[in-house]
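Report on one structure; see the data block that follows.
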Amino acid sequence: MGARLTQAFESFGWCAAIRGVEGGGLVEDLPTHTFRTDDGEVALKCPTEVAITDRREKELSDLGFMPLVHCKNTDYAAFFGAQSAQKPKKYNTESANANAILSAQLQYIFAVSRIAHYLKAMMREKIGSFASAGNGEVFLYRWIAQYVLLDDN
């Protein structure tokens, strides 16, 4: 996962593209071992030592693990989830629960952390330059408006 994070940051300046075969979670060129079966067929030993089913991958992800899942008959595997060890809080609405689950995933934690880090660095340069808290608020609103959709429609 560390290599996937580093690659995502190098490519995009963000650590969000870290999961899925096409989404940045691919781990290629794993060492493979082929052998002959009793029937004389050539078989490939799973390079991740253990083959993890989709169901087991979900169970492990829900527990906060990041299983590396072998893509059958290949020399690569992928991270399909990026759940952190943080257990999402439970709320009384489905939308709040869904938001809590997203908030515990690494790609979103890293994205928010990157924005917070940039805000800290940017505002350090602005110390003493605002006449009021309202001026600072307007400055931050205009800055963040460049990166978000202001209208949900």
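Okay, so the sequence shown: first residue is 1 according to UniProt numbering, each after it adds one.
Note that CB positions come from ideal geometry on N, CA and C, so glycine has one too.
Predicted model, so just to flag it, every value in this text is computed and none were measured.
Spatially closest choice to residue i from the options, by CA coordinates
{"i": "Lys87", "options": "Ala78, Pro47 and Leu102", "result": "Leu102"}
{"i": "Val27", "options": "Thr34, Asp38 and Arg19", "result": "Arg19"}
{"i": "Lys45", "options": "Leu149, Glu125, Thr34 and Gln105", "result": "Thr34"}
{"i": "Gly136", "options": "Thr6, Glu94, Leu119 and Ala100", "result": "Leu119"}
{"i": "Pro31", "options": "Arg4, Glu41 and Asp75", "result": "Asp75"}
{"i": "Gln105", "options": "Ala3, Asp62 and Val138", "result": "Asp62"}
{"i": "Arg55", "options": "Phe130, Ser95, Gly81 and Gly23", "result": "Gly81"}
Same chain, Cβ closer than 6 angstroms to residue i, five either side skipped, listed in chain order
{"i": "Gly64", "result": "Gln83 and Ala85"}
{"i": "Glu37", "result": "Residue identity check: residue 37 is Thr in the sequence provided, not Glu. Cβ within range, chain order: Ala43."}
{"i": "Leu60", "result": "Pro67"}
Beta-carbon proximity check, residue i vs residue j, cutoff 7 angstroms
{"i": "Phe110", "j": "Gly25", "result": "no"}
{"i": "Ala100", "j": "Lys89", "result": "yes"}
{"i": "Gln146", "j": "Ala16", "result": "no"}
Own chain partners of residue i with C-beta closer than 8 angstroms, once the 5 adjacent residues on each side are dropped
{"i": "Gln14", "result": "Residue identity check: residue 14 is Trp in the sequence provided, not Gln. Once the five neighbours on either side are set aside, the close Cβ partners of Trp14 are Ala8, Phe110, Ala111 and Arg114."}
{"i": "Asp29", "result": "Asp75 and Tyr76"}
{"i": "Ala3", "result": "Val27"}
Close-in-space but distant-in-sequence residues of the same chain around residue i (CB under 7 angstroms, 5 per side omitted)
{"i": "Ala121", "result": "none"}
{"i": "Leu5", "result": "Cys15 and Ile18"}
{"i": "Arg124", "result": "none"}
Quiz item: Taking the runs of the beta strand (DSSP E) that are 3 residues or longer, which of them lie wholly in the segment 30-117?
Solution: 33-36, 42-45, 68-70 and 77-79
Exercise. Determine, using beta-carbon pairs with one atom in the segment 40-56 and one in the segment 64-78, whether at least three such pairs fall under 8 angstroms.
Key: yes
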